[in-house]
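Below is one structure; the comments refer to it alone.
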Amino acid sequence: MSREQDKEVPLVLHPDSFLERRFNIPVIGHPLILPELDEGELKEARADIVKSEKAFPIANGLIHTTGEIERKIPFEKGFPGLRQRLTGTG
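Going by numbering that gives the first Met the number 0, 19 is the number at position 20 of the sequence shown; the sequence numbering is gapless.
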């Protein structure tokens, strides 16, 4: 995104995109904190942030994002050791 633009650029993200994430690696003795998206920095860069779990129309409705896809089989349960801080859980 260019700070030089006159208009904002739409950026469609899952609402959980801004949550703190860490990777628990027992052999190093402490969690590895992963880089976070900074909502304020994105807005300063002229991003029009759209948080959506559902399919979202873009390109004047000609294209839709997929939205969140439900995990249905054990293989899709996520990466072992990867955690995210949920809002309000400290």
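Yeah, the Cβ is synthetic: ideal placement off N, Cα and C, and Gly gets one too.
Between the C-alpha atoms of residue 67 and residue 82 there is a straight-line separation of about 18 Å. Taking a C-beta distance under 7 Å as the contact criterion, residue 19 and residue 35 qualify as a contact pair. Ranking 63, 65, 38 by CA distance to the CA of residue 16 puts 38 first. The Cβ atoms of residue 11 and residue 64 sit closer than 7 Å to each other. Not a single unbroken stretch of the alpha helix (DSSP H) spanning 4 or more residues falls wholly within the segment 50-75.
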